[in-house]
Every structure is written in structure tokens, then in C-alpha cells.
Amino acid sequence: MAILLSAQNLEKSFGSQTLFRSLSFGVETGDRIGLIGPNGAGKSTLLKIIAGLTDYDSGEIARSRGLRVGYLAQSPEFTPGVNVFDALSEGIEDPEKFANVHEWLARLTLDGEARVDDLSGGWKKRVALARELVREPDLFLLDEPTNHLDLESILWLEDFLQTAPFATLTITHDRMFLQRIANRIFDLDKRNPDGLLVVKGSYADFLEAKENLMHQQARREMVLQNTLGRETEWLRRGAKARTTKQT
5 MAILLSAQNL
15 EKSFGSQTLF
25 RSLSFGVETG
35 DRIGLIGPNG
45 AGKSTLLKII
55 AGLTDYDSGE
65 IARSRGLRVG
75 YLAQSPEFTP
85 GVNVFDALSE
95 GIEDPEKFAN
105 VHEWLARLTL
115 DGEARVDDLS
125 GGWKKRVALA
135 RELVREPDLF
145 LLDEPTNHLD
155 LESILWLEDF
165 LQTAPFATLT
175 ITHDRMFLQR
185 IANRIFDLDK
195 RNPDGLLVVK
205 GSYADFLEAK
215 ENLMHQQARR
225 EMVLQNTLGR
235 ETEWLRRGAK
245 ARTTKQT
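Below is the structure:
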């Protein structure tokens, strides 16, 4: 598999709060990555950095030549007053791409003449999804894509992403959705070594790996506590700190 994107030693802070530092990872063709972590870890910020919408403080991101990145925000924004067809067509210069517009209007049962402002949250999410798919991304970043979608739409999206011809990096709190669409998990958590735990496999595989990591950390913490306890008791008994004369 070819590398689409690699990040080395990324760091991002807001004021005095450091979201992450020394963050390194790669994304390859065929990846279906689930990005998880506690609230405030910087997941959405990381997605925006990869999409080129937010700057990072230090580090480096390398993209393959000509990489097309799609980005589906939690709350998509549209030009006020635009209809669905024009929303999907924004920025398109190649006439052949308009065939993609008609294709995705049909596949997502969208009314091209409807005003986006008049649509519900679920239909706006469909429009935003179609807008990115029209542009045929090589890497698709999705931030909580199931929000506002009904069950039928979620099931369709699961099936589509499982066999999509592009790599994906998805933030979602829907663990069943994550289990069905991910073949790698990125766990963004300051408690992980270097802040990121990468597990190849499903969400269930990640849970097993995370549990093993936590057990190892707990054992190391217990060993450290026992060592500190012995040292403290030794000092309390009045033992001399140095047993040999310095020269």
C-alpha cells in the first residue's frame, strides 16, 4: 500500500493548553482509520490540521503528490441561499465533473432544486457528504458523520465506507459504526506513550490492546510505588545516604 500522508512530531496548543505534542503517524491507501480519544484531546483539531484548515505549532506533514483530501465537518456550512445542485457544484471547473454531481444527487436521493437552508440537519449532512464525494477524494476525513442521520442513512454509509475507493479517517462516538467501518484505530490520549496508540484491526481489537497497555502501566506504577516505599522506609530508619567516602 502507498503512503498518502505522514505526520512527524506534530504539536498544537491553544494558549497555555497543549492538545498534543510529538505526534507521529501515517495514512496509507486502504486505511479505514477510526480516531478516538477523550473529550478535549484534540481530535477535531487534528482532522482540521490534516485537511489544511488549521495551522499546527511545530512538526511536519508530508502529502503524496496531488493528494485530494475531503473533509466532512460536524456542522457543515454552505453559502446562504444556495440550492443543493449549486452546493455540490461549487468550485468545479471541469465539465466532466458535473456528471459526478448528477450521480450523487441520485445516489443520495437529493433534490437539486431544494434550498439547503430549508433542509433538516440530516439532509444537510447528506448534501455535505455528496459535496465531498463529487470531488473524488483520495483521503476522506469525517467528523461525527452519523450525527443527524437516520438509521437507514447510517447503514448505507457503513456499507459504502467499507468498500469505498479511498482511505478514511473518522471521528465517531458511535462504537457500533466504528466497529463496522474501521480497520485501524488511532487513540489520541495523553496517557498513551507519545500521546497516540495505533492498533491495526477493529475497535474490538483496540479494546483488547488498550486493556493490555493499561495493565502494563498499572504494574509499572505498582513497582514504582513499592520502590519508593522501600526507599522512604530506609530513610526513616536513619540509614546513611552515602556508604563510601568521596575522593
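The sequence shown begins at 5 in the numbering used here and counts up by one. Glycine included, every Cβ here is placed at the ideal spot set by N, Cα and C. Just so you know, these numbers come straight off a predicted model, no measurement behind them.
{"Check": "Mind checking which residues open and close the beta strand (DSSP E) that includes Glu64?", "Outcome": "Ser62 to Arg67"}
{"Check": "Identify the residues that DSSP records as bridge partners of Lys47: which are they?", "Outcome": "Per DSSP, none; premise fails for Lys47."}
{"Check": "Counting Cβ pairs closer than 8 angstroms, one from the stretch 166-181 and one from the stretch 143-150, do we hit at least three?", "Outcome": "yes"}
{"Check": "What residues are listed by DSSP as bridge partners for Gln21?", "Outcome": "Phe18"}
{"Check": "Do you know offhand how far Thr58's Cα is from Tyr75's?", "Outcome": "12 angstroms"}
{"Check": "Which of helix, strand or coil does DSSP assign to Leu9?", "Outcome": "strand"}
{"Check": "Looking only at its chain, what residues have a beta carbon closer than 7 angstroms to the beta carbon of Thr251, apart from the 5 residues adjacent to it on each side?", "Outcome": "Residue placement at Thr251 is flagged as unreliable, the pLDDT there being 48, under the threshold of 50; the coordinate-derived value follows with that caveat. Closer than 7 angstroms at the Cβ level, and outside the excluded window around Thr251, lies no residue."}
{"Check": "Which one or two residues does DSSP pair with Thr3 in a beta bridge?", "Outcome": "Any question about residue 3 goes unanswered here, given that the chain covers just 5 to 251."}
{"Check": "When the distance is taken between beta carbons, is Gly41 closer than 8 angstroms to Leu192?", "Outcome": "yes"}
{"Check": "The alpha helix (DSSP H) with Phe102 in it runs from where to where?", "Outcome": "Phe102 to Arg111"}
{"Check": "Given this structure, state the Cα-to-Cα distance separating Arg111 from Ile185, to the nearest angstrom.", "Outcome": "20 angstroms"}
{"Check": "Would you check if the distance between the CB atom of Met5 and the CB atom of Thr33 is smaller than 8 angstroms?", "Outcome": "yes"}
{"Check": "With the cut-off set at 8 angstroms, would you say Leu123 and Gly116 are in Cβ contact?", "Outcome": "no"}
{"Check": "Do you know offhand how far Glu107's Cα is from Ser17's?", "Outcome": "41 angstroms"}
{"Check": "Would you verify that the beta carbon of Ser48 is, or is not, closer than 8 angstroms to some beta carbon of chain B?", "Outcome": "Included in the structure is just one protein chain, with no chain B present."}
{"Check": "Here's the rule: buried if 16 or more other CB atoms are within 10 angstroms of the residue's CB, otherwise exposed. What is Asn43?", "Outcome": "exposed"}
{"Check": "Under three-state DSSP, which class holds Thr231?", "Outcome": "helix"}
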